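*Asks:* Those letters in the sequence shown? Residues 11 to 127, by our numbering.
Ideal Cβ placement from N, Cα and C applies to all residues, glycine included.
If you're wondering where the values come from, they're calculated on a predicted model, not measured in any experiment.
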Amino acid sequence: MALHLVTSVEALEEAKPALHMVEGRSIGIIKSNGEIFAVRNVCPHKRAPVCQGQLRGTMLPSDPDTFVFGMENQVLRCPWHGWEFDLASGKTLCEGLNRKLSYYPVTLKDGSVYVEI
């Protein structure tokens with residue numbers, strides 16, 4: 011395993027995935043709510059470029075006739091079929107499906123973002 015310099019923390023925009031190639035792999039670097047994630051740019055559903063999707067919130071379970079929106083900037087939505095993934099866990103929010111995003115370890119050093127491959 012090796013650390014690869016990807017970008018500076020300063021270059022990352024909040025809640026906007028930035029795509030980078032590392033050892034021939036497309037990786038989305040995502041800054042959200044004070045954390046930085048390195049997500050393999052492949053949706054586990056149909057292999058779509060998931061990091062080209064939006065980072066946003068979603069509707070939460072709620073009482074009948076009540077709509078509750080939450081998880082702002084914590085849900086990565088696939089651009090092809092709309093599957094939603096919890097950025098913190100990588101798990102899909104689709105009920106009954108056991109699919110998960112793949113992540114790479116991130117190291118922050120001297121204002122730079124490194125990814126371990």
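Verify whether the separation of the beta carbon atoms of residue 49 and residue 113 is less than 9 Å.
*Replies:* The sequence position of residue 49 within the sequence shown is 39, counting from 1. The sequence position of residue 113 within the sequence shown is 103, counting from 1. Yes, the Cβ-Cβ distance between residue 49 and residue 113 is below 9 Å.
*Asks:* Does the Cβ of residue 42 have 16 or more other Cβ atoms within 10 Å, making it buried, or fewer, making it exposed?
*Replies:* Along the sequence shown, one-based indexing puts residue 42 at 32. Buried is the call here.
*Asks:* Using the Cβ count rule (16 or more neighbours within 10 Å means buried), how would you classify residue 79?
*Replies:* The residue you call residue 79 lines up with position 69 of the sequence shown. Exposed is the call here.
*Asks:* Determine the extent of the beta strand (DSSP E) in which residue 96 is found, giving its start and end residues.
*Replies:* Your numbering for residue 96 matches position 86 in the sequence shown. Note, residue 96: beta strand (DSSP E), 94-96.
*Asks:* Sort out for me which residues DSSP pairs residue 69 with in a bridge.
*Replies:* Taking the first residue of the sequence shown as 1, we reach residue 69 at position 59. In DSSP, residue 69 forms a bridge with 79.
*Asks:* So for residue 19, helix, strand or coil by DSSP?
*Replies:* Looking up residue 19 in the sequence shown gives position 9. In the structure shown, residue 19 sits in coil (DSSP, three-state: anything other than H, G, I, E or B).
*Asks:* Between the beta-carbon of residue 77 and the beta-carbon of residue 87, is there less than 9 Å?
*Replies:* Translated into the one-based positions of the sequence shown, residue 77 becomes position 67. Translated into the one-based positions of the sequence shown, residue 87 becomes position 77. Their beta carbons are not under 9 Å apart, which means residue 77 does not touch residue 87 by this criterion.
*Asks:* Do residue 60 and residue 39 have their CB atoms nearer than 9 Å?
*Replies:* In the sequence shown, residue 60 corresponds to position 50, counting from 1. In the sequence shown, residue 39 corresponds to position 29, counting from 1. The answer is no: Cβ separation not under 9 Å.
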